[in-house]
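Number of protein chains: 2
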Amino acid sequence: MPTTLEFWFEFASTYSYVAAMRIEGLCAAAGVPLRWKPFLLGPLFALQGWNDSHFNLNPRRGAYMWRDMERLTTKFGLPWRRPAVFPRATTRPARVACHVADEPWAGDFIRRIFTANFGDDRDIQSLEVLREILADLGQDADTALATAESPERRSLLRANTEAAAAAGLFGAPNCLVNGELFWGEEALEDAVAWAQRPQ
Amino acid sequence: MPTTLEFWFEFASTYSYVAAMRIEGLCAAAGVPLRWKPFLLGPLFALQGWNDSHFNLNPRRGAYMWRDMERLTTKFGLPWRRPAVFPRATTRPARVACHVADEPWAGDFIRRIFTANFGDDRDIQSLEVLREILADLGQDADTALATAESPERRSLLRANTEAAAAAGLFGAPNCLVNGELFWGEEALEDAVAWAQRPQ
């Protein structure tokens with residue numbers, strides 16, 4: 528009986544984009560249940576003494592990441608446009624993703640948000656973009672946005688972010704399988720294989 | 528006609544260990560010529576404002592790396608013992624590796640040094656360990672060590688380290704294929720595939 532794989536991601540994270548586009552298909556093919564876990568990287572970066580993405584703080588590391596994104600999106604056939612703003616504010620789409628994480632269309636919503644950021648260079652914090660994507664998915668956008676920002680639902684994102692810190696996360700994306708952490712886009716296959724093992 | 532793959536590594540680097548144990552086999556299977564490029568990470572870390580391995584400076588990142596090493600060495604069937612000293616001083620074996628990099632037994636020497644550090648927890652900077660490994664490989668250890676430390680040969684390591692900085696490297700291991708940089712143990716397969724493409 529496969530273990531559930533928790534996919535912990537941040538909408539501003541480039542490697543989370545590539546991983547988010549692949550993880551549902553990988554889990555489905557392996558018979559591994561998937562749980563979406565949106566969180567905010569900012570507080571985790573602050574724990575490490577950073578006030579920005581380390582890709583901005585460390586130009587050598589950043590230059591490599593942007594080139595790597597060109598290669599990875601080509602490798603996996605994903606749309607790619609380097610965003611004009613990096614990292615983008617993501618609290619609003621992340622709150623919606625927390626709110627709908629258990630819905631059958633959660634994966635579609637998450638991939639649409641990521642593609643808006645990294646395929647179309649759009650401001651995924653804007654209500655216009657969020658409404659458009661929710662409507663395209665056949666959802667009542669105003670209700671979804673209002674509920675996601677309600678006091679009882681907006682706390683979900685803070686709870687996820689605190690749980691991410693408590694679990695030892697330091698970046699994104701991550702897969703957590705029965706407490707075992709797999710960090711990085713290139714660890715997806717190992718994480719899925721881990722979830723298939725007897726625990 | 529495949530392009531030469533340059534493998535840039537540091538003997539103190541855990542992920543360089545896993546990669547160094549695999550790269551010659553991957554290149555041979557793909558018909559890709561391999562060139563060994565030992566360098567020192569310390570000066571590259573200094574360029575990024577670090578006075579130690581970031582795995583020591585950042586405990587969250589470090590804890591993940593040590594667990595990842597247990598998993599990766601299991602995955603690839605490699606010996607593993609967490610070294611008592613990390614990172615170890617490596618100038619002496621790195622100078623020997625530079626000196627013998629074009630010899631047919633360079634890969635054997637490099638894998639033996641890495642295994643002494645990460646499989647056997649031995650001080651790879653000690654003359655005793657270096658002599659033992661060189662002798663096991665049928666080499667005249669005293670001559671090899673003396674030549675590697677001679678003024679004209681010891682400059683090879685500094686030249687490699689300066690070339691690494693100029694090429695934009697920021698960590699290890701790396702594959703450089705016709706100027707294209709692939710960083711990290713998990714990028715080996717992509718780097719080998721890149722070397723097989725028409726350039």
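Here the protein sequences come in this chain order: A and B.
In the working numbering, each residue carries its 1-based index in the first sequence increased by 527.
In the working numbering, each residue carries its 1-based index in the second sequence increased by 527.
Backbone N, C-alpha and C define an ideal beta-carbon position, used for all residues, glycine too.
Bear in mind that the values here come from a model prediction, so they are computed numbers and not experimental data.
Between which two residues does the alpha helix (DSSP H) containing V623/A stretch? Residue range 618-627 is occupied by the alpha helix (DSSP H) that includes V623/A.
For L762/A, return the contacting residues in chain B, with the cut-off set at a CB-CB distance below 7 Å. Outside the displayed span of chain A (528 to 726) sits residue 762/A, for which this structure offers no information.
If you draw a straight line from the C-alpha of T530/B to the C-alpha of A643/A, how long is it? Rounded to whole angstroms, the gap between the alpha carbons of T530/B and A643/A is 37 Å.
In terms of residue numbering, what span does the alpha helix (DSSP H) encompassing R680/B cover? Start and end: 678-693.
Under DSSP, the beta strand (DSSP E) around P565/B begins and ends at which residues? Residues 561-565.
Give me the chain A residues within the contact set of G695/B, using Cβ-Cβ distance strictly less than 8 Å, ordered along the chain. Ordered by position in chain A, the residues that pass the 8 Å Cβ test against G695/B are R587, A590, Y591.
Could one say the Cβ of E551/A lies closer than 7 Å to chain B's Cβ atoms, at least one of them? False, the Cβ-Cβ gap to chain B never drops below 7 Å.
Given A692/A, which residues of its chain have a CB within under 8 Å of its CB, disregarding the five upstream and five downstream residues? Same-chain partners within the cutoff: P570, L571, L574.
Own chain partners of W535/A with C-beta closer than 7 Å, once the 5 adjacent residues on each side are dropped: The residues are K564, F566, A691, L696, A699, P700, N701, L703.
If we ignore side chains and look at the alpha-carbon of each, how far apart do A557/B and L532/B end up? The alpha-carbon atoms of A557/B and L532/B are separated by roughly 11 Å.
With 16 other CB atoms within 10 Å as the buried threshold, where does M548/A fall? That one is buried.
Given that Q726/B touches chain A, what residues does it touch there, using C-beta distances under 9 Å? Chain A residues near Q726/B: none, gap ~15 Å exceeds 9 Å.
Would you list, in sequence order, the uninterrupted alpha helix (DSSP H) runs of no fewer than 4 residues that lie entirely inside the region 552-604 of chain A? Those alpha helix (DSSP H) runs which fall completely within the region 552-604 of chain A and span 4+ residues are 568-574, 581-584, 586-603.
Taking only beta-carbon atoms, is Q666/B less than 7 Å away from chain A? At a cut-off of 7 Å between C-beta atoms, Q666/B does not count as an interface residue with respect to chain A.
Give the single residue among Q666/B, K602/B, R615/B, R608/B whose Cα lies nearest to the Cα of A633/B. Out of Q666/B, K602/B, R615/B, R608/B, Q666/B has the C-alpha closest to the C-alpha of A633/B.
Name the residue from A720/B, T541/B, F709/B whose alpha carbon lies nearest to the alpha carbon of A611/B. A611/B has its Cα closest to that of T541/B, out of A720/B, T541/B, F709/B.
Alpha-carbon spacing of W593/B relative to R649/B, whole angstroms: Their Cα atoms are separated by approximately 18 Å.
Check whether chain A comes within 7 Å of Q575/B, counting only Cβ atoms and requiring the distance to be less than that. Q575/B counts as touching chain A.
With 7 Å set as the bound, which would you pick, yes or no: does the beta-carbon of E713/B sit closer than that to a beta-carbon of chain A? Yes, because at least one Cβ of chain A sits closer than 7 Å to the Cβ of E713/B.
Tell me whether E779/A sits in a helix, a strand or coil according to DSSP, three-state version. This structure cannot speak to residue 779/A, because chain A is shown only from 528 to 726.
List the whole-angstrom C-beta distance separating L657/B from L672/B, where the pair is believed to meet the contact cut-off of C-beta under 8 Å. Your pair L657/B and L672/B checks out as a contact, with CB atoms roughly 6 Å apart and the cut at 8 Å.
Determine the extent of the beta strand (DSSP E) in which N644/A is found, giving its start and end residues. Bounds of any beta strand (DSSP E) do not take in N644/A; it lies within the alpha helix (DSSP H) bounded by 633-645.
Which of helix, strand or coil does DSSP assign to L696/B? Coil at L696/B, not helix or strand.
Residue range of the beta strand (DSSP E) that E537/B falls in? The continuous stretches of beta strand (DSSP E) do not include E537/B, and DSSP gives it neither H nor E.
Closest residue to E689/B among A546/B, A720/B, L568/B (Cα-Cα distance): Here the closest residue by C-alpha is L568/B.
Measuring only the C-alpha atoms, how far is S677/B from I637/B? S677/B and I637/B: Cα-Cα distance of roughly 20 Å.
Would you mind stating whether Y544/A and F645/A have Cβ atoms separated by less than 7 Å? Contact flag set, yes.
Assuming A546/A contacts E707/A under a Cβ cut-off of 8 Å, what Cβ separation, rounded to an integer in Å, is found between them? Actually they are not in contact, since the Cβ atoms of A546/A and E707/A sit about 16 Å apart, beyond 8 Å.
Beta-carbon gap between R622/A and A675/A smaller than 7 Å: The answer is yes: Cβ separation under 7 Å.
DSSP beta-bridge partners of L672/A: For L672/A, which the question treats as bridged, DSSP gives no partner whatsoever.
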